[in-house]
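Student: Sending over a structure as structure tokens; questions will come in a sec.
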Amino acid sequence: MKLQLIAVGTRMPAWVTAGFQEYQRRFPRDMALELVEIPAGKRGKNADIARILHKEGEQMLAAVPKSNHIVSLDLPGNNWKTPDLASQLNRWQLDGRDVSLLIGGPEGLSPACKQAASQSWCLSALTLPHPLVRIVVAESLYRAWSVNNNHPYHRE
Numbered sequence: 001m002k003l004q005l006i007a008v009g010t011r012m013p014a015w016v017t018a019g020f021q022e023y024q025r026r027f028p029r030d031m032a033l034e035l036v037e038i039p040a041g042k043r044g045k046n047a048d049i050a051r052i053l054h055k056e057g058e059q060m061l062a063a064v065p066k067s068n069h070i071v072s073l074d075l076p077g078n079n080w081k082t083p084d085l086a087s088q089l090n091r092w093q094l095d096g097r098d099v100s101l102l103i104g105g106p107e108g109l110s111p112a113c114k115q116a117a118s119q120s121w122c123l124s125a126l127t128l129p130h131p132l133v134r135i136v137v138a139e140s141l142y143r144a145w146s147v148n149n150n151h152p153y154h155r156e
């Protein structure tokens with residue numbers, strides 16, 4: 001199974017790239033984690049946010065392979081604890097499809113992305129900066145994988 005993280009935003013700070021890549025490289029080949037970056041629309045004083053969200057959403061959905069299971073990261077969503085996410089990861093594997101996880105930009109995800117998603121995942125009740133979400137998602141998925149595979153990374 002491949003996990004595909006589709007996120008709005010390019011040219012992330014070095015610490016974001018390094019943090020994401022640290023967890024990305026830890027995944028085994030039979031569960032690769034891929035990052036697809038979608039350019040953020042230009043936001044300014046008089047920006048048409050609805051139009052920007054629509055365009056970002058179109059680009060995100062165009063990056064999702066046709067048969068993938070789509071999970072949006074937004075509110076409201078499932079607030080999974082690590083054992084719950086590990087169980088969810090097992091269910092995704094048994095489903096036999098790759099999984100695309102969608103992370104929006106500053107204003108979140110477009111309505112089309114939310115509608116296309118079969119599931120919604122809420123990382124926290126806190127508002128998190130979207131670059132940080134990449135790292136948190138990668139780490140959480142790796143931790144869930146480690147639980148399922150009795151890897152020593154996860155200790156309770």
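Note that full-length UniProt numbering has the sequence shown beginning at 1, numbered continuously upward. From the three backbone atoms N, C-alpha and C, an ideal C-beta is built for every residue, glycine too.
For A7, write down the residues that DSSP places opposite it in a beta bridge.
Tutor: Walking along the sequence shown from the start, residue 7 turns up at place 7. Its beta-bridge partners are E37 and I103.
Student: Who are the near neighbours of K55 in its chain, counting only those whose CB is closer than 7 Å to its CB and skipping five residues on each side?
Tutor: As a first step, residue 55 must be located in the sequence shown, where it is residue number 55. Excluding positions up to five away in sequence, the list reads G41.
Student: On the DSSP bridge assignment, give the partners of N78 in chain order.
Tutor: Residue mapping note: residue 78 aligns to position 78 of the sequence shown, counting from 1. N78 is bridged to W121.
Student: Is the beta carbon of W121 closer than 7 Å to that of V71?
Tutor: Taking the first residue of the sequence shown as position 1, residue 71 is located at position 71. Taking the first residue of the sequence shown as position 1, residue 121 is located at position 121. Yes; because the gap between Cβ atoms is below 7 Å, this pair is in contact.
Student: Leaving out five residues before and five after S110 in sequence, what residues of the same chain have Cβ atoms less than 7 Å from its Cβ?
Tutor: Residue numbering aside, residue 110 sits at position 110 when the sequence shown is read from its first letter. Cβ neighbours of S110 beyond the five flanking positions: L53, H54, E56 and G57.
Student: Is the beta carbon of K2 closer than 7 Å to that of D98?
Tutor: Taking the sequence shown and counting its residues from 1, one reaches residue 98 at position 98. Taking the sequence shown and counting its residues from 1, one reaches residue 2 at position 2. For D98 and K2, yes; Cβs fall inside 7 Å.
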